[in-house]
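Let me begin by presenting the structure, written as structure tokens, before commenting on it.
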Amino acid sequence: MSPPTSPNGAGSDSLEVLNARVSAARAEVEARGETFYQGASRVHLAAFPPKERWDDWVELSSRAWPARQPGHYMLVPTTCFNCESACGLLAYVDRETLAVRKFEGNPEHPGSRGRNCAKGPSTLNQVTDPDRILYPLKRAGARGEGRWERITWDEALDAIAARLRAALSEERHNEIMVHIGRPGEDGYTERVLASWGVDGHNSHTNVCSSGGRAGFQFWTGIDRPSPDHANAKVIYLISSHLEAGHYFNPHAQRITEGRARGAKVIVLDTRLSNTATHADYWLSPQPGSEAAINLAVANHIIRTRRYHRDFIRRWWNWQEYMANCRPDLPPTFEAFEEALAECYAEYTFEFAAAESGIDAGVIAEVAEVVAGAGTRFSCHSWRSAAASNLGGWQVSRTLFFIAGLLGAVATEGGTFPNAYNKFVPRPIHVPPHPKVWQELAWPMEYPLSQNEMSFLLPHFLKDGRGRLDTYFIRVYNPVWTNPDGLSWMEVLSDEDKVGCFVALTPTWNESAYFADYVLPMGHASERHDTHSYEQYDGQWVGFRQPVVRAARERMGERVTDSRQVNPGEVWEENEWWIELSWRIDPDGSLGIRQYHESRARPGEKLTVDEYYAWMFENSVPGLPERAAAEDLTPLEWMRRYGAFEISRGQGAVFEAEVPADELDDLRVGPFGRVYSAAQKPSDPNIVPMGAPAPDEEGRRAVGVEVEGTIRRGFPTPSGRLEFWSSTLAAWGWPEHALPGYIRSHVHPAALEPGQMVLLSTFRLPTQIHTRSANSKWLDELSHTNPVWIHPTDAARLGIDRTGELVRVETEIGYFVARAWITEGIRPGVVACSHHMGRWKLAGGSGGGAGAMMATVDLSRGDNGWEMRRVAPVVPYSSSDPDTARIWWSDTGVHQNLTFPVHPDPISGMHCWHQAVRVSPATSGDAAGDIAVDTAKAREVYRRWLAETRPAGQVSPDATRRPSWLMRPLRPAPEAFGIPAEQTISAR
Amino acid sequence: MSSELVRALAAICDAPAAAQAAAGVLGLRPPEAAEHTEVFVMNCPPYAAVHLGGEGGLGGEAADRVAGFWRALGLVPPAEPDHLSSLLALYAELCDAAHGARRPAVKAAVDRARQVLLWEHLWSWAPGYLGAVRELATPSLAAWAVLTRRLLAAELMQSAGPAYQAPLPLALRQAAGCLSTDDDLDGLLDALVAPVRSGIVLTRHRLTIGSRAAEVGHRIGERRFALRAMLEQSPAATLRWLAGEAGRWYRRHAAGEDACSRWWAQRARTTHGALAELAAQAADGAPARGSVGSGL
């Protein structure tokens, strides 16, 4: 080894000295919150602007090329608002003009880790959209006429506050409703409503994910899974929606990591999705048969005794099952094993093959791969199958059945309950539970519904079950999103049913046209929110903020209202709700104001600064210390970095021993459920989960006894994983209390000759639910939704080539769209993406509003509604020169209008799949045409409603709903009781 | 364990911006961007595949072998798993992981992985590479090369027992064949630009020197093109210079005492012999045994 010959000194030092010198230098730099190894560095395997240069980041202008024109930017973090995963964004704010020039990923965000999908950077389109709503508007003509007048925020606030105050004073609490589309925050709106004493929260979840949620909740008491894809041996995905659309980015990047480490990916999706193209096994089943496949896999694991015996023995509620369902057998685990095998013996590979149309050998091969995963089995099912079929909730229940058999619950590479990997910080004020029950959202017919029966609202209003004095939609487009949208239009147009309709929205939409007030709210870079989502085994909190406000504050300015920095008079909801609540209760006499009042300055309004400063100082463990190390307040730290990781490696929380100070005056149930008289300690994390009922003497369910030790267990009635659901059994559905298979409403046996199944629950990963029309880049990427047809079906139906028009007939009408002949869909099934087919009414005076939507003529005749396209999208002049460059004209078809409601009688989920007839279009048909008979829609609604088992008939305890089940806004216990008149007949 | 020093050295060969702070702390003059580019882009691309692959290029089986090592550790291979910066960064991570391991079995496993990385994927090619960097007359990066070699040697010494006793690295055991007098011109060129076949690292910088030594015109282009032009202009002089290069590399490799160095020395020695024979044939105008001669 020849000695080094250094020209400048390194060679004279020992390696140890040099190492110590570098270590010290790095520590010193990082103590200042700066980055030692700067630039695009393989040392970090990433390339992002170093955070200490975020105040003045220099980039050359791409537009000035070949000239080298440097631009100076302030990099300000926020979070994306274009799906629910809240990926981190960095806004590049021009230091000279304070305009946002672009959005890129925030490397400090633990979930997205600096990576974004196309929707993130496209936030810039939404911010600069020439069609966006900039000022508060009030309806000038009749509802839906499309005439508006600009008003001040004060006028809007005073008028709406007066209505709300009157309703509350007259105890018409249930005439107030706020309907949420994209939540994008963790519970703020629910708490506003609670502060008003109103049970008026309505969500879109029953047209979205509640089927998937229900299956998980019946098992774990927590309604979402958190798969650890990156460390899995086998990744099992029912449908692609999660990994190709919603939550696309944070999960997709971890699936990619898992694959790189050798994980096998199994995808069940009738359609060849993006995810399916990357799968080791793509199974394209007959729609609705997914649970049958899951059960065949489960049966294989049981039959070959590859299940995790000890995990099941300790953590399944098998004793409760044996006591209630198999009293004929001894109450031993060995007897349970026999019963289990007996129970699922019928679900053979051949059975699954017959149901799914997939070769039994393929299913057997997949089952063997799954059985070999051990505790490294990550799985997910969200929409698609669970959101599409009668009994779809059993898809996720049978999926978690597999995870439970393998013991892959909260293990490395396994599947966690989401509450383990989510952190919702306790806010400054927590109002009490409202004392009323909203029948329009939580009707008696659906005591087990996972979420509000939101999509039935028009029918309930038509039934005369109630009326709405004031109805808010918030980043929501019910006419467009829901099935049977024309019924929505009918009730929203009827002032007797909806007295005042307020649209809080950043963009124009089909529903806002019928509003009385259209109030502009901010996009991702124009509003405050916090959020936390399950994306790996860790907990983080993200912070959305108005980025120009943060930039100005870094420059020393003081901003007290987001309207000071947002375009036009665009506001943010938090400040709006605070101001509105003060105007409802100006003197505090209604008891509302106190929940929107400053603690630091009693008698003054709470500001968003105080709200988040309090939260970050008091409810986010570790953040104050981390901020102090950089001489920042917690709020300043979050404004600077945008996200904070609280913990990593939560592990099996259910195994944790309950601390002694939580154990007092204990009572232990027959199957080990432990109740304690000790007060529940305050927890800064108020993440939603099931709330098991206390015992008769008011002791809370604190844990479960496992082999003599009291462990935390699961938030289920039994405290264990509920293989057998006492809830389903007691509330009228004993035949579905175990993981099982319910034949879909589109099962081949239910189809009439000539009918096919239409899949409508997928979208492209470059699309936002109802806001893509305001995002020009996304619109250019994908703007139409052809009907996928297999070549054999196309030949059979006489459809010669891609692009030909087809007519798709549903139960209540039809739509016309272009055909796409492809082998990417199973024969006998057609598919059409949602998110397309945006429209605006002809004759409206919205200016450029909705210019990237088709113009339609909508008329109502004796046979129902007809929508005819009168003008496609065309180039137009605006402040954005790109609008003159629009090269496409087709915007697809709004198929949801032609779907009747299909509420699952148990989960309440709308079952999206449709039995349809497909034929070549007739001579008068044009792309995008629609016809709907809403009278037929009423018949379908009544038919599905008749399948329910109402609480008034089945409730075991005279309540409307099992109190332990999750509910976004939970009323006070006294509101759960069924009124005496409804116990006789609930229908 | 000098993990932070390893990391700093990794940063220096990564990119100009990354090199600045690390070089300063080490007392090295931070290289200018142009110097960095001259060394790491124009002359000595720091990839294991270039030195261990049969074609002397990026990617291929040699790079896959390194990527497989990352995967075997349960890691996701980065975009360029065989870049010296990536390998040094990984080495630093393994040093830290071993240091932080609480269970002896884990520590032993991580240590074993670190030794394998050092022997199979760093020491198998880096000494020659660093030697080539050192002679590029870019003082700050020459000092980096010297320091990096010194550190790797020290790490090897520290784990000397098992490493020196270990079999040759797989990449060397399965290396493509040596340059041969039977090669035709294309075959000769292929072998000369692939270090693992010739035992020499032929940089653009050395080719410039070689063209002066052989008194031939230096045509600007990729190395194979420039070398072909040299051989076509004056085969005997060029082959003599190349033989001298091989001899120089033989002596450099032979200074090492470990199995890798011995392997590289042997390869350079074989190359030297073949080139000397070809040079003699070219000078005599004698018919060549192989087709190289006929092509010259």
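Quick mapping for you: the protein sequence lines, in order, are chains A and B.
Residue numbering for the first sequence follows my numbering, starting at 4 and increasing by one per position.
Residue numbering for the second sequence follows my numbering, starting at -11 and increasing by one per position.
We put the CB at the ideal spot given by N, CA and C, even for glycine.
Run of the alpha helix (DSSP H) containing E783(A), from where it starts to where it stops
Counted from its first residue, the first sequence places residue 783(A) at position 780. Segment 779 to 784, the alpha helix (DSSP H) holding E783(A).
Taking only beta-carbon positions, decide if A142(B) is within less than 7 Å of chain A.
Taking the first residue of the second sequence as position 1, residue 142(B) is located at position 154. For A142(B), the answer is yes, since a Cβ of chain A falls inside 7 Å of its Cβ.
Cβ atoms of P434(A) and Y284(A): under 7 Å apart, would you say?
Working through the first sequence from its first residue, we reach residue 284(A) at position 281. Working through the first sequence from its first residue, we reach residue 434(A) at position 431. Result no, Cβ atoms of Y284(A) and P434(A) do not sit closer than 7 Å.
Would E358(A) pass as an interface residue toward chain B - the criterion being a Cβ-Cβ separation below 7 Å?
For this step, residue 358(A) is matched to residue 355 along the first sequence. So no, E358(A) is outside the interface.
Would S112(B) be called buried (16 or more neighbouring beta carbons within 10 Å of its own) or exposed?
Here residue 112(B) corresponds to residue number 124 of the second sequence, with the count starting at 1. So S112(B) counts as buried.
Cβ of L40(B) within 7 Å of Cβ of A182(B)?
Here the question's residue 40(B) lines up with position 52 in the second sequence. Here the question's residue 182(B) lines up with position 194 in the second sequence. Their beta carbons are not under 7 Å apart, which means L40(B) does not touch A182(B) by this criterion.
Using 7 Å as the limit for Cβ to Cβ distance, is R264(A) near chain B?
Mapped onto the first sequence, residue 264(A) falls at position 261. At least one chain B Cβ lies under 7 Å of R264(A).
Taking the DSSP output, what are the residues bridged to P228(A)?
Here the question's residue 228(A) lines up with position 225 in the first sequence. Beta-bridge pairing links P228(A) to P420(A).
D668(A) versus A681(A): straight-line alpha-carbon distance, rounded
Along the first sequence, one-based indexing puts residue 668(A) at 665. Along the first sequence, one-based indexing puts residue 681(A) at 678. One C-alpha to the other measures close to 8 Å.
R477(A) CB to nearest chain B CB: under 7 Å?
Along the first sequence, read from residue 1 onward, the residue named residue 477(A) stands at position 474. By this cut-off, R477(A) is not an interface position.
I think Y539(A) touches N688(A), with their Cβ atoms under 8 Å apart; what is that distance to the nearest whole Å?
Start at 1 with the first residue of the first sequence, and residue 539(A) comes out as number 536. Start at 1 with the first residue of the first sequence, and residue 688(A) comes out as number 685. 17 Å between Cβ atoms; not a contact.
Among A732(A), T508(A), E293(A), E783(A), which has the Cα closest to the Cα of H182(A)?
Mapped onto the first sequence, residue 182(A) falls at position 179. Here the closest residue by C-alpha is T508(A).
Of the residues S384(A), V412(A), G417(A), T378(A), the one placed nearest L402(A), counting alpha carbons only:
Residue numbering aside, residue 402(A) sits at position 399 when the first sequence is read from its first letter. Closest by alpha carbon: S384(A).
Which residues in chain A have a C-beta closer than 8 Å to the C-beta of R59(B)? List them in chain order.
Reading the second sequence from its first residue, position 71 is the one you call residue 59(B). Neighbours of R59(B) on chain A, chain order: A263, R264, G265.
Taking three-plus beta-carbon pairs below 8 Å as touching, is the region 905 to 924 of chain A in contact with the region 936 to 949 of chain A?
yes
Proximal residues of chain B, C-beta to C-beta of N22(A) below 7 Å
Here residue 22(A) corresponds to residue number 19 of the first sequence, with the count starting at 1. What N22(A) touches in chain B: S(-10), E(-8), L(-7).
Length of the line joining the Cα atoms of R104(A) and I476(A):
As a working note, residue 104(A) is residue 101 in the first sequence. As a working note, residue 476(A) is residue 473 in the first sequence. Rounded to whole angstroms, R104(A) to I476(A) spans 30 Å at the Cα level.
Beta-carbon neighbours of S292(A), restricted to chain B and to distances below 9 Å:
Indexing the first sequence from 1 puts residue 292(A) at position 289. Ordered by position in chain B, no residue passes the 9 Å Cβ test against S292(A), which lies about 35 Å from the chain.
CA-to-CA distance, I649(A) to G625(A), given in whole angstroms
Position 622 of the first sequence, counting from 1, holds the residue named residue 625(A). Position 646 of the first sequence, counting from 1, holds the residue named residue 649(A). Straight-line Cα distance between these residues: approximately 7 Å.
Please give the ranges of any beta strand (DSSP E) in the region 649 to 711 of chain A, keeping only runs that are unbroken, at least 3 residues long and fully inside the region.
676 to 679, 703 to 709
Apart from the five residues just before and just after P637(A), which ones in its own chain have a Cβ nearer than 6 Å to its Cβ?
Working through the first sequence from its first residue, we reach residue 637(A) at position 634. Same-chain partners within the cutoff: F619, E620, L626, P627, A630.
Partner residues on chain B for L18(A), Cβ-Cβ distance less than 8 Å
Taking the first sequence and counting its residues from 1, the one referred to as residue 18(A) is at position 15. Correct list: S(-10), L(-7), R138, L139, A142.
Using a Cβ-Cβ cut-off of 7 Å, state whether S26(A) counts as contacting chain B.
Position 23 of the first sequence, counting from 1, holds the residue named residue 26(A). For S26(A), the answer is yes, since a Cβ of chain B falls inside 7 Å of its Cβ.
Taking Cβ positions, are N788(A) and C835(A) nearer each other than 7 Å?
As a first step, residue 788(A) is located in the first sequence; it is residue number 785 there, counting from the start. As a first step, residue 835(A) is located in the first sequence; it is residue number 832 there, counting from the start. Contact: yes.
Against A9(B), what residues of chain A qualify as contacts under a CB-to-CB distance less than 8 Å, listed in chain order?
Taking the second sequence and counting its residues from 1, one reaches residue 9(B) at position 21. The contacting residues are A28, V32, F39, Y40, Q41.
F657(A) to R670(A) span [Cα, whole Å]
The residue labelled residue 657(A) in the question sits at position 654 within the first sequence. The residue labelled residue 670(A) in the question sits at position 667 within the first sequence. F657(A) and R670(A): Cα-Cα distance of roughly 19 Å.
Could you tell me which residues DSSP pairs with P906(A) in its beta bridges?
Counted from its first residue, the first sequence places residue 906(A) at position 903. The partner list for P906(A) (beta bridge, DSSP) reads H913(A).
Could you tell me the boundaries of the alpha helix (DSSP H) in which T223(A) lies?
Within the first sequence, the letter at position 220 stands for residue 223(A). 213 to 223 is the span of the alpha helix (DSSP H), which, as asked, contains T223(A).
Hey, which unbroken runs of the beta strand (DSSP E) at 3 residues or more fall wholly within the region 47 to 113 of chain A?
60 to 63, 73 to 82, 91 to 97, 103 to 108
For G864(A), write down the residues that DSSP places opposite it in a beta bridge.
For this step, residue 864(A) is matched to residue 861 along the first sequence. Answer by DSSP bridge pairing, in chain order: G867(A).
Note down, one range per segment and in chain order, each beta strand (DSSP E) of at least 3 residues found wholly within the region 371 to 459 of chain A.
380 to 384, 418 to 420
So, helix, strand or coil for V94(B), using DSSP?
Counting from 1 along the second sequence, the entry for residue 94(B) is found at position 106. V94(B): helix per DSSP, three-state reduction.
Please report the residue range of the beta strand (DSSP E) in which K141(A) lies.
Within the first sequence, numbered from 1, the residue matching residue 141(A) stands at position 138. That run of the beta strand (DSSP E) goes 140 to 142.
Roughly how many angstroms lie between the CA atoms of H2(A) and L781(A), to the nearest whole one?
Nothing can be reported for residue 2(A), as the shown portion of chain A is limited to 4 through 990.
So, using beta-carbon positions, are C382(A) and N252(A) closer together than 7 Å?
Here residue 382(A) corresponds to residue number 379 of the first sequence, with the count starting at 1. Here residue 252(A) corresponds to residue number 249 of the first sequence, with the count starting at 1. For C382(A) and N252(A), no; Cβs fall outside 7 Å.
Is it the case that the Cβ atoms of R642(A) and A553(A) are separated by a distance below 7 Å?
Against the first sequence, residue 642(A) aligns to sequence position 639. Against the first sequence, residue 553(A) aligns to sequence position 550. Closer than 7 Å, so yes.
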